[in-house]
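Residue numbers (this note's numbering): -9 to 264.
Data block below; observations after.
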Amino acid sequence: MINGRERNEAPTGKVALVTGASRGVGRGIAIGLLEAEFRVYGSGRSIEQADLPPEIRRLRCDHLKDEETAHVFETIRSECGRLDLLVNCAWGGYEKMVEDGAFTWPAPFWDQPAHRWTGMMDAGVRAAFECSAHAARMMTPRRRGLIINISFWSAQRHLGNTIYGIAKAATDKMTSDMAVELKPFAVPVVSLYPGLVRTEAVVAAAKSGAFDLSTSESPEFIGRVINALFRDPNLMARTGQVLVAAAVAKEFGVVDIDGSSPPALTLADIGFEE
-9 MINGRERNEA
1 PTGKVALVTG
11 ASRGVGRGIA
21 IGLLEAEFRV
31 YGSGRSIEQA
41 DLPPEIRRLR
51 CDHLKDEETA
61 HVFETIRSEC
71 GRLDLLVNCA
81 WGGYEKMVED
91 GAFTWPAPFW
101 DQPAHRWTGM
111 MDAGVRAAFE
121 CSAHAARMMT
131 PRRRGLIINI
141 SFWSAQRHLG
151 NTIYGIAKAA
161 TDKMTSDMAV
171 ELKPFAVPVV
181 SLYPGLVRTE
191 AVVAAAKSGA
201 FDLSTSESPE
211 FIGRVINALF
221 RDPNLMARTG
231 QVLVAAAVAK
241 EFGVVDIDGS
251 SPPALTLADI
261 GFEE
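Below, the structure written as structure tokens:
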């Protein structure tokens, strides 16, 4: 029992799935939604070892494997009968940044390792497509639900890696086109851009001076923003759009866990190379 409720039972009854919830942004979103009283499911390859509250239902899943993805949705359907919110946060491509002593992330596209394409396009974009298809089959009959694709500014400007840009641009286009097909069923879908998030990797890098965390966001902040979007009665007016999490937060008066209001970045604020 948790505060008089059964494990993973939320008073609102709203059911959310966060993919890639084992760490980083996905983990923060799952925690933020739990605090907003969603019934939260989290999926990921290492979800069983994740530092998550016990109320979050962990579903071990490699989203590169369609049968495992299907099992996640079958489990949610069996246990809840519906899905109200899908957050596609599963992502690959950050693994093996250093290979044979070389930092390969900023290498030109012709020198990029093949696994990075698989990590970003298959474990990222394709996984989001498959999960969205499963979610749509649960949401469209009810004419209720929300799909959020976590994306980033590399969709609009070169940020050191061509595959990264391709994957995020594909995510935003996927959002736009899915919105057209979901609109008759009153199910919105949006791309959401976080700012500099204090994930485990970012905090570690900041210790060596790689990042200035003074205007950064907690991982839970994105979950708070998603909760505000979910409860927006005019959300359909935003379907298909790219939204900046910090800008949405200012609109709805959402603050971070420390009470701060992270700045809303624009394209002009994002570093780039000529």
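Ideal Cβ placement from N, Cα and C applies to all residues, glycine included.
Through-space distance from residue j to residue i, alpha-carbon basis
| i | j | result |
| --- | --- | --- |
| valine 234 | arginine 47 | 28 angstroms |
| leucine 172 | glutamine 102 | 36 angstroms |
| alanine 20 | threonine 189 | 14 angstroms |
| alanine 126 | alanine 194 | 38 angstroms |
| leucine 219 | valine 15 | 17 angstroms |
| phenylalanine 242 | valine 115 | 29 angstroms |
| cysteine 70 | alanine 92 | 47 angstroms |
| alanine 97 | valine 88 | 11 angstroms |
| isoleucine 138 | valine 180 | 5 angstroms |
| glycine 3 | phenylalanine 28 | 7 angstroms |
| isoleucine 37 | valine 62 | 13 angstroms |
| lysine 55 | phenylalanine 119 | 13 angstroms |
| glycine 22 | threonine 94 | 33 angstroms |
| histidine 148 | asparagine 224 | 33 angstroms |
| aspartate 202 | alanine 40 | 26 angstroms |
| arginine 35 | leucine 42 | 14 angstroms |
Sub-7 angstroms separation of residue i and residue j beta-carbons
| i | j | result |
| --- | --- | --- |
| glutamate 207 | valine 187 | yes |
| alanine 11 | asparagine 217 | no |
| tyrosine 57 | leucine 24 | Sequence inspection shows glutamate at residue 57; the tyrosine mentioned does not correspond to that position. Contact flag unset, no. |
| asparagine 269 | cysteine 121 | This structure cannot speak to residue 269, because the chain is shown only from -9 to 264. |
| isoleucine 153 | arginine 214 | no |
| aspartate 74 | valine 177 | no |
| alanine 268 | glycine 155 | No information on residue 268 is available, as it lies outside the stretch -9 to 264 that the chain covers here. |
| serine 33 | leucine 49 | yes |
| alanine 80 | alanine 117 | yes |
Exposed unless 16 or more other CB atoms sit within 10 angstroms - verdict on residue i
| i | result |
| --- | --- |
| valine 8 | buried |
| threonine 205 | exposed |
| lysine 197 | exposed |
| asparagine 151 | buried |
| methionine 104 | Correcting the residue identity first, residue 104 is alanine in this sequence and not methionine. So alanine 104 ends up on the exposed side. |
| glutamate 264 | Because the pLDDT of glutamate 264 is 39, which lies under 50, any placement of that residue in the model is unreliable, and the number read from its coordinates should be weighed accordingly. Exposed is the call here. |
| tryptophan 100 | exposed |
| aspartate 90 | exposed |
| glycine 83 | buried |
| glycine 18 | buried |
| arginine 221 | exposed |
Contacting residues, own chain, Cβ-Cβ under 8 angstroms from residue i (five flanking each side not counted)
| i | result |
| --- | --- |
| alanine 265 | Outside the shown range of the chain, which is -9 to 264, sits residue 265, and nothing can be said about it. |
| valine 170 | Gly230 |
Same chain, Cβ closer than 6 angstroms to residue i, neighbours up to 5 away in sequence not counted
| i | result |
| --- | --- |
| lysine 158 | Ser141, Phe142, Ser144 and Ala145 |
| valine 244 | Arg214, Val215 and Ala218 |
| isoleucine 247 | Ser208 and Glu210 |
| phenylalanine 232 | In the sequence as presented, phenylalanine is not what sits at residue 232; that position holds valine. Correct list, in chain order: Asp162 and Ser181. |
Same chain, Cβ closer than 7 angstroms to residue i, neighbours up to 5 away in sequence not counted
| i | result |
| --- | --- |
| arginine 72 | Val5, Met128 and Arg132 |
| glutamate 85 | Gly109 |
| valine 238 | Val215, Ala218 and Leu219 |
Touch test, the stretch 154 to 166 against the stretch 245 to 255, Cβ-Cβ under 8 angstroms, three pairs minimum: Not touching, per the Cβ criterion.
Would you call the stretch 173 to 181 and the stretch 103 to 112 in contact, with 3 or more CB pairs under 8 angstroms? no
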